[in-house]
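Colleague: The structure follows.
Protein chains in written order, with this note's numbering: chain V, 3 to 117; chain G, 220 to 327.
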């Protein structure tokens, strides 16, 4: 049981390049999330999904796109990378459940540098 | 979403209890109180959550004030592995807002 797996773990891009970050979960969770964390800051939500084929904007969605074609995968895309997108990106998943918001399970992060 | 206020940093001696405070004076009746922690170079890890009553699990206890305007995460016996940033978060059906949390240092 791997939990939440993020690919790649590290990446360096040049300004203007594009790339896709992959998040995979094997817990059959309905909800998935993408966050970014800048140095000395807390996490900020970029986009999230409440089910296969559905996505929604979070707190800081500009410059990113997402897709949830399969329940277990959530992709985060940068179409034209900018230095301001240098950050650590975390993916998380959770059940939809009753009794309030369910705990989120996080991956180990992708460290992305844009030159 | 309601916001929380936490001290930037705290220290504790190893094997002693730690009380991490959180103020949330604008909490609504349906906001759950969640605590996560983040060890260095790792993703956040769920610790505990509650609505009105105090909660206990294998990691920690959560004490919620009667008026729900504050809460305290209690680590009963701090270990070096508990050194992390602890986030207190309010959430109903909306998004998590992590804030900057409390950085806990455990002194051997």
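Heads up, the beta-carbon is just placed ideally off N, CA and C, and yes, glycines get one too.
Small disclaimer: the values here were computed from a predicted structure and weren't measured.
Would you verify that the beta carbon of residue 108 of chain V is, or is not, closer than 8 Å to some beta carbon of chain G?
Modeller: For the purposes of this step, residue 108 of chain V is identified with residue 106 of the first chain, where counting begins at 1. Closer than 8 Å: yes.
Colleague: Does the stretch 18-27 of chain V touch the stretch 65-80 of chain V, meaning 3 or more C-beta pairs lie closer than 8 Å?
Modeller: yes
Colleague: Got a sec: which bits of the stretch 29-49 of chain V sit with their beta carbon under 7 Å from any beta carbon on chain G, in order along the chain?
Modeller: Listed by position along the chain: 43, 44, 45 and 47.
Colleague: Taking 8 Å as the CB-CB limit, is residue 350 of chain G close to chain V?
Modeller: Residue coverage of chain G in this structure runs from 220 to 327, which leaves residue 350 of chain G outside it and unanswerable.
Colleague: Since residue 306 of chain G meets chain V, which of its residues come closer than 9 Å, beta carbon to beta carbon?
Modeller: Numbered from its first residue, the second chain carries residue 306 of chain G at position 87. The contacting residues are 44 and 45.
Colleague: My output table needs one value for residue 86 of chain V: the three-state DSSP class, helix, strand or coil.
Modeller: Taking the first residue of the first chain as position 1, residue 86 of chain V is located at position 84. Note: residue 86 of chain V maps to helix in three-state DSSP.
Colleague: Where does residue 299 of chain G sit, in a helix, a strand or coil, going by DSSP?
Modeller: By one-based count along the second chain, residue 299 of chain G stands at place 80. Reduced to three states, the DSSP call for residue 299 of chain G is helix.
Colleague: According to DSSP, simplified to helix, strand and coil, what is residue 29 of chain V?
Modeller: Start at 1 with the first residue of the first chain, and residue 29 of chain V comes out as number 27. Coil.
Colleague: Using DSSP with H/G/I as helix, E/B as strand and the rest coil, what is residue 328 of chain G?
Modeller: Outside the shown range of chain G, which is 220 to 327, sits residue 328 of chain G, and nothing can be said about it.
Colleague: Would you call the stretch 245-259 of chain G and the stretch 55-64 of chain V touching, i.e. three or more CB-CB distances under 8 Å?
Modeller: no
Colleague: DSSP three-state label for residue 74 of chain V, please.
Modeller: Translated into the one-based positions of the first chain, residue 74 of chain V becomes position 72. The answer is coil: DSSP assigns residue 74 of chain V none of H, G, I, E or B.
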